[in-house]
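Participant: In full-length UniProt numbering, the protein residues as written are 1 to 252.
Dropping the structure in here first, questions after.
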């Protein structure tokens with residue numbers, strides 16, 4: 001599945017008061033892995049931002065002078081998100097503003113992006129899993145151990161990158177393990193891979209066989225407890241448990 005983690009910053013709220021989008025940030029996931037592809041733009045909204053909004057995101061009216069208007073990037077943005085699952089924290093806010101931007105430039109066929117994308121709201125997901133607790137992005141970062149130390153102010157691209165880590169962790173995905181020479185294009189040179197292909201080292205045919213260490217009863221018990229903790233956190237069985245059940249097996 002192709003997913004796009006998305007965030008926006010605006011001149012204020014609500015959209016019905018004429019507020020506009022001033023920043024869009026998106027990062028792409030393929031098969032629950034960050035690809036390195038992203039979409040990011042600042043926008044000239046043709047109105048001033050509220051002081052309260054500037055205090056949140058730090059994007060001044062002067063900074064936006066000369067930036068493109070939404071109409072200039074609408075096609076590129078739509079091409080980036082269409083057909084994807086959009087992962088958004090408090091999706092109603094961002095979707096409402098984006099629908100409004102398309103409507104303002106007369107692109108009525110795009111003025112309901114839910115017709116072109118599926119939406120996953122991580123705020124609704126977090127509230128379902130952690131009722132009665134704070135479920136802001138900062139709170140989720142603290143809960144799941146995601147580093148947000150660089151987030152002094154809100155920013156659409158930074159927040160989408162942080163949300164991607166939170167979503168993958170919250171849903172039981174692995175976010176940090178990578179193998180040398182293994183990247184998005186399969187040869188270590190893919191965009192955003194950050195990996196260098198390593199030299200293949202052949203093992204000697206007459207090497208000493210490795211010792212097989214089998215799991216003890218206590219090891220298996222700890223493993224089962226860990227899977228149960230993952231299932232409780234993710235709201236469903238772990239992938240390992242699902243694979244065992246599919247094969248008609250259980251932990252021994």
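Note that the Cβ used here is the ideal one computed from N, Cα and C, for glycine as well.
At 4 residues or longer, and completely inside the region 4 to 48: list those alpha helix (DSSP H) runs for me, N to C.
Facilitator: Complete alpha helix (DSSP H) runs here, min 4: none at all.
Participant: Over the uninterrupted alpha helix (DSSP H) stretch that includes residue 158, give me the two end residues.
Facilitator: First-last of the alpha helix (DSSP H) with residue 158: 156 to 170.
Participant: Give me the Cβ distance between residue 5 and residue 43, rounded to the nearest whole Å; I'm assuming they're in contact under 8 Å.
Facilitator: 19 Å between Cβ atoms; not a contact.
Participant: Quick one: give me the first and last residue of the beta strand (DSSP E) that residue 120 is part of.
Facilitator: Start and end: 118 to 121.
Participant: Can you give me the start and stop residues for the beta strand (DSSP E) that residue 88 sits inside?
Facilitator: Unbroken beta strand (DSSP E) run through residue 88: 85 to 88.
Participant: What is the DSSP secondary structure of residue 129, reduced to helix, strand or coil?
Facilitator: Three-state result, residue 129: helix.
Participant: Whole angstroms are fine: how far does the CA of residue 41 sit from the CA of residue 169?
Facilitator: Between residue 169 and residue 41, the C-alpha separation is close to 27 Å.
Participant: Touch check for the region 80 to 99 and the region 115 to 129: three-plus C-beta pairs under 8 Å?
Facilitator: Short answer: they touch.
Participant: For the region 42 to 58 against the region 67 to 75, are there 3 or more C-beta pairs whose distance is under 8 Å?
Facilitator: The region 42 to 58, when compared against the region 67 to 75, does touch it at the 8 Å Cβ threshold.
Participant: For the alpha helix (DSSP H) containing residue 146, name the first residue and the last one.
Facilitator: Premise fails: residue 146 is in no alpha helix (DSSP H) and is neither H nor E.
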